Amino acid sequence: MTLHSSTLLEVRGLTRRFGGRTVFERVSFELARGEIVSLVGPSGCGKSTLLRAIAGLDPQSEGSVLLERQLQRGPSERIGVIFQEPRLLPWLSVADNIAFAAGPRRGHDLRVDALLAEVGLANVRDVLPKQLSGGMAQRVALARGLFAEPDLLLLDEPFSAVDAITRSRLQRVLLALAYAHGTTALLVTHDLDEALHLSDRVLLLSPEGEDRPSHIARDIRIEAPRPRDLRDPTMDALRETLLGGIAAGPA
Numbered sequence: 003m004t005l006h007s008s009t010l011l012e013v014r015g016l017t018r019r020f021g022g023r024t025v026f027e028r029v030s031f032e033l034a035r036g037e038i039v040s041l042v043g044p045s046g047c048g049k050s051t052l053l054r055a056i057a058g059l060d061p062q063s064e065g066s067v068l069l070e071r072q073l074q075r076g077p078s079e080r081i082g083v084i085f086q087e088p089r090l091l092p093w094l095s096v097a098d099n100i101a102f103a104a105g106p107r108r109g110h111d112l113r114v115d116a117l118l119a120e121v122g123l124a125n126v127r128d129v130l131p132k133q134l135s136g137g138m139a140q141r142v143a144l145a146r147g148l149f150a151e152p153d154l155l156l157l158d159e160p161f162s163a164v165d166a167i168t169r170s171r172l173q174r175v176l177l178a179l180a181y182a183h184g185t186t187a188l189l190v191t192h193d194l195d196e197a198l199h200l201s202d203r204v205l206l207l208s209p210e211g212e213d214r215p216s217h218i219a220r221d222i223r224i225e226a227p228r229p230r231d232l233r234d235p236t237m238d239a240l241r242e243t244l245l246g247g248i249a250a251g252p253a
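Positions in the sequence shown are counted from 1; adding 2 to them yields the working numbering.
Set out below in structure tokens:
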């Protein structure tokens with residue numbers, strides 16, 4: 003079992019309304035430093051919207067987000083975000099894309115080569131994004147997300163657009179990077195096996211109902227050591243619990 007120490011992230015009472023519709027309401031949870039936590043739930047329950055609010059990208063959300071007890075007001079260098087698509091700038095080399103947070107054409111930074119080596123792409127620093135496969139591009143996105151050495155990495159279904167074999171490889175890369183950098187990660191995913199494979203905890207966001215906004219319905223800790231066998235009966239039981247929560251209607 004992985005032991006985690008101090009609390010890094012505190013999400014307090016996050017609420018998001020669109021006109022007369024409340025997507026989620028009073029969502030609160032904490033992440034310890036070094037934890038990997040997945041956020042799962044049915045389509046339309048507000049997982050990506052919640053992630054944007056935590057990232058400081060949604061000024062219309064209500065509630066508060068604190069990093070080590072410091073209130074966050076808008077985007078922060080301490081929070082990295084990786085989206086479903088790599089979103090690489092097509093006119094910049096791989097190295098310049100990774101170092102973009104430091105300014106344009108900063109790919110000569112020594113951290114770039116170190117990160118490229120960690121994601122297994124040491125030989126592509128000078129190529130353009132159009133020359134990369136989907137899996138390679140997402141590895142570059144992972145490296146870019148870690149370039150500023152964030153305390154918290156938010157990932158919005160980062161592996162959903164690649165094939166199963168590439169997805170498995172990227173999951174291993176993410177685990178290795180998170181441990182190497184001591185990064186806390188919050189991952190939105192529709193793939194329950196991915197959540198069970200990667201996470202120390204899984205947060206289940208309830209379905210949204212006509213008169214009941216989404217909320218954190220379950221907070222499930224996964225005690226199994228890594229590497230994990232998803233065929234283990236313990237994993238089967240957790241999968242069934244999550245499936246039941248996703249399929250359930252509003253309480």
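The beta-carbon is built from N, C-alpha and C at its ideal position, and this holds for glycine as well.
Remember, it's a predicted structure, so these values are computed and weren't measured experimentally.
Open item on the list: Assuming the contact rule is C-beta atoms closer than 8 angstroms, Thr236 and Glu37 should be a hit. Round their C-beta distance to whole Å, please.
Closed with: Taking the first residue of the sequence shown as 1, we reach residue 236 at position 234. Taking the first residue of the sequence shown as 1, we reach residue 37 at position 35. Between Thr236 and Glu37, the beta carbon gap of about 20 angstroms keeps them out of contact (Cβ cut-off 8 angstroms).
Open item on the list: Please report the straight-line C-alpha distance between Lys132 and Asp98, rounded to a whole angstrom.
Closed with: Numbered from 1 along the sequence shown, position 130 holds the residue referred to as residue 132. Numbered from 1 along the sequence shown, position 96 holds the residue referred to as residue 98. Distance between the alpha carbons of Lys132 and Asp98: 14 angstroms.
Open item on the list: Please list the terminal residues of the continuous beta strand (DSSP E) segment that includes Asp238.
Closed with: The residue you call residue 238 lines up with position 236 of the sequence shown. Segment Pro235 to Ala249 is the alpha helix (DSSP H) holding Asp238; no beta strand (DSSP E) there.
Task: Nearest-angstrom beta carbon gap, Leu156 and Leu188 [assumed within contact, 8 angstroms] - done: Here residue 188 refers to the residue found at position 186 when the sequence shown is read from its first residue. Here residue 156 refers to the residue found at position 154 when the sequence shown is read from its first residue. With a Cβ gap of about 5 angstroms, Leu188 and Leu156 count as contacting.
Task: Run of the alpha helix (DSSP H) containing Asp115, from where it starts to where it stops - done: As a position in the sequence shown, residue 115 is number 113, starting the count at 1. It spans Leu112 to Glu120 - the alpha helix (DSSP H) in which Asp115 sits, taken as one unbroken run.
TODO: Output the distance between the C-alpha atoms of Val29 and Leu16, rounded to the nearest integer angstrom.
DONE: Looking up residue 29 in the sequence shown gives position 27. Looking up residue 16 in the sequence shown gives position 14. Rounded to whole angstroms, Val29 to Leu16 spans 5 angstroms at the Cα level.
Task: Where the beta strand (DSSP E) through Ile56 begins and ends - done: As a working note, residue 56 is residue 54 in the sequence shown. DSSP places Ile56 in no beta strand (DSSP E) but in the uninterrupted alpha helix (DSSP H) bounded by Lys49 to Ala57.
Task: According to DSSP, residues forming a beta bridge with Phe31 - done: As a first step, residue 31 must be located in the sequence shown, where it is residue number 29. Paired residue(s): Val13.
TODO: Write down the C-beta distance between Ala143 and Leu90 rounded to the nearest angstrom, noting that I regard them as a contact closer than 8 angstroms.
DONE: Locating residue 143 in the sequence shown gives position 141, where the first residue counts as 1. Locating residue 90 in the sequence shown gives position 88, where the first residue counts as 1. Confirmed, Cβ separation roughly 7 angstroms.
TODO: Return the CA-CA distance between Ala219 and Glu27, expressed in angstroms with no decimal places.
DONE: As a first step, residue 219 is located in the sequence shown; it is residue number 217 there, counting from the start. As a first step, residue 27 is located in the sequence shown; it is residue number 25 there, counting from the start. Each residue's CA atom was taken as its position, placing Ala219 and Glu27 some 12 angstroms apart.
Task: Alpha-carbon spacing of His183 relative to Gln62, whole angstroms - done: The sequence position of residue 183 within the sequence shown is 181, counting from 1. The sequence position of residue 62 within the sequence shown is 60, counting from 1. About 32 angstroms.
- [ ] Mark Ile248 as exposed unless 16 or more other C-beta atoms lie within 10 angstroms of its C-beta, in which case mark it buried.
- [x] In the sequence shown, counting from the first residue as 1, residue 248 sits at position 246. Buried, because 16 or more other Cβ atoms sit within 10 Å of the Cβ of Ile248.
TODO: Decide if the segment 35-53 is in contact with the segment 95-114; the criterion is three or more beta carbon pairs, one per stretch, under 8 angstroms apart.
DONE: The segment 95-114 and the segment 35-53 do not touch, with fewer than three beta-carbon pairs separated by less than 8 angstroms.
Open item on the list: Taking 8 angstroms as the cut-off, does the segment 157-176 touch the segment 202-211 (at least 3 CB pairs, one atom from each stretch)?
Closed with: No contact exists between the segment 202-211 and the segment 157-176.
Open item on the list: Within the continuous alpha helix (DSSP H) that includes Ile218, where are the two ends?
Closed with: For the purposes of this step, residue 218 is taken as residue 216 along the sequence shown, with counting starting at 1. Counting along the chain, Ile218 sits inside no alpha helix (DSSP H); it lies in the beta strand (DSSP E) bounded by residues Ile218 to Arg223.
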